[in-house]
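The numbers in the working numbering rise by one with no breaks, and the one at position 80 of the sequence shown is 362.
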Amino acid sequence: MFSKTTEYALRAVIYIAQKSAADKKIGITEIAEAIDAPTSFTAKILQQLTKDGKIIKSVRGPGGGFYMPATAQKKAVRLILEIMEEDEVLDKCVLGLANCSETKPCPMHARYKEIKTQLIRLFEEKTIEDLVSGLATGKTYINNRSKGR
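#1: In angstroms, rounded to a whole number, what distance separates the CA positions of T399 and L361?
#2: Only counting the same chain, and skipping five residues up and downstream in sequence, which positions put a Cβ closer than 8 Å to that of G345?
#3: How long is the line joining the alpha carbons of T385 and I410, rounded to whole angstroms?
#4: Is I337 near M350, with beta carbons less than 8 Å apart?
#5: Rank V295, L372, F284 by C-alpha distance to the C-alpha of T423 and give the top, closest one.
#6: Less than 8 Å between the beta carbons of L372 and I402, yes or no?
#7: I believe V341 touches K408 by the beta-carbon criterion, under 8 Å. Please report the beta-carbon distance rounded to the nearest angstrom.
#8: Terminal residues of the continuous alpha helix (DSSP H) containing V371?
#9: Helix, strand or coil: which one does DSSP assign to Y290?
#10: I'd like to confirm the pairing. Which residues does DSSP put opposite F348 in its beta bridges?
#11: Output needed for G430: all residues of its chain with C-beta closer than 8 Å, excluding positions within five of it in sequence on either side, in chain order.
#12: What three-state label does DSSP hand Q300 in the structure shown?
#13: Exposed or buried, which one is S285 when buried takes at least 16 other CB atoms within 10 Å?
#14: Ignore the nearest five residues each way along the sequence and tell me which others in S302's own chain have a CB closer than 7 Å to its CB.
Written out as structure tokens, the structure reads:
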């Protein structure tokens with residue numbers, strides 16, 4: 283549904299949020315390894331996520347790294363999509379038609395509209411904190427290994 287970049291961004295945010303709860307700053311290599319992403323690609327993603335400081339912050343130098351303030355963990359997941367410029371995916375026609383609308387619908391329009399409404403609600407209601415809660419108990423995971431971190 284989303285680009286690989288956004289998938290990695292979502293994973294990175296969840297991982298950083300989990301580690302930040304323990305007042306820890308995390309280095310780029312650790313984050314990349316935890317989310318199964320190339321380090322250089324992860325660095326570019328984190329650069330985008332830290333740009334406005336709404337979710338992720340960074341500290342340079344010894345003892346530095348990436349972290350998430352507690353207030354950011356209360357933010358809706360949709361904010362990540364907005365930062366990664368993928369929230370428009372939720373507004374597009376499922377068949378990619380530019381003129382798809384209520385008056386000129388594609389064959390999937392009516393059913394997809396219902397699903398899209400549910401997805402938008404999900405991303406607006408779920409917080410970053412909600413996504414982190416399952417990691418601690420081992421009920422959810424953010425990488426492709428058999429055991430999550």
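Even for Gly, the Cβ is constructed at its ideal location relative to N, Cα and C.
On the basis of the data shown:
#1: Between T399 and L361, the C-alpha separation is close to 17 Å.
#2: So the list reads K307, once near-sequence residues are dropped.
#3: If you take the alpha carbons of T385 and I410, they lie about 37 Å apart.
#4: Inclusion of I337 and M350 in the CB contact set at 8 Å is warranted, their separation being smaller than that value.
#5: Sequence inspection shows Tyr at residue 423; the Thr mentioned does not correspond to that position. The candidate whose alpha carbon is nearest that of Y423 is V295.
#6: With contacts defined as CB atoms closer than 8 Å, L372 and I402 qualify as a contacting pair.
#7: Rounded to whole angstroms, the Cβ separation of V341 and K408 is 28 Å, and the two are not in contact under 8 Å.
#8: First-last for V371: undefined, no H or E at that position.
#9: Reduced to three states, the DSSP call for Y290 is helix.
#10: Beta-bridge partners of F348 (DSSP): I308, S340.
#11: Unreliable placement is indicated for G430, whose pLDDT of 44 sits below 50; the coordinate value is still reported in the next sentence. The answer, listed in chain order, is L417, G420, T422, Y423, I424.
#12: Looking at Q300 - three-state DSSP - the assignment turns out to be helix.
#13: With fewer than 16 Cβ atoms within 10 Å of its Cβ, S285 is classed as exposed.
#14: The beta carbon of S302 is closer than 7 Å to those of Y349, M350 in its chain, skipping five residues each way along the sequence.
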